[in-house]
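Engineer: This is the structure, below, for whatever I ask next.
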């Protein structure tokens with residue numbers, strides 16, 4: 001399945017080529033979530049001619 005995504009930053013549109021993310025939260029001794037999400041990272045690759 002093909003799709004297209006665009007990323008808008010400061011009024012300029014970029015074609016999004018790849019995106020991944022990871023979120024962090026505490027877990028208990030059995031591996032079940034035991035807190036709200038505390039933060040994370042987002043990585044993306046955009047198409048650009050600049």
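In my numbering, the protein residues as written are 1 to 50.
Quick reminder that beta carbons are idealized off the backbone N, C-alpha and C, glycines included.
Do residue 15 and residue 50 count as a contact pair if the criterion is CB distance below 8 Å?
Structural biologist: Taking the first residue of the chain shown as position 1, residue 50 is located at position 50. Taking the first residue of the chain shown as position 1, residue 15 is located at position 15. No, these two residues do not count as a Cβ contact at 8 Å.
Engineer: Beta carbon of residue 7, beta carbon of residue 44: below 8 Å?
Structural biologist: For the purposes of this step, residue 7 is identified with residue 7 of the chain shown, where counting begins at 1. For the purposes of this step, residue 44 is identified with residue 44 of the chain shown, where counting begins at 1. A contact, by the Cβ cut-off of 8 Å.
Engineer: Quick one, which of 27, 28 and 4 has its alpha-carbon nearest residue 13's?
Structural biologist: Start at 1 with the first residue of the chain shown, and residue 13 comes out as number 13. Residue 4 is the option with its Cα nearest to residue 13.
Engineer: Could I get the ranges of all uninterrupted beta strand (DSSP E) runs contained in the segment 6-45, with 3 residues as the minimum, in chain order?
Structural biologist: Counting whole runs of 3 or more residues, the segment 6-45 contains the beta strand (DSSP E) stretches 12-24.
Engineer: With H, G and I counted as helix, E and B as strand and the rest as coil, what does DSSP make of residue 47?
Structural biologist: Taking the chain shown and counting its residues from 1, the one referred to as residue 47 is at position 47. It is a strand residue.
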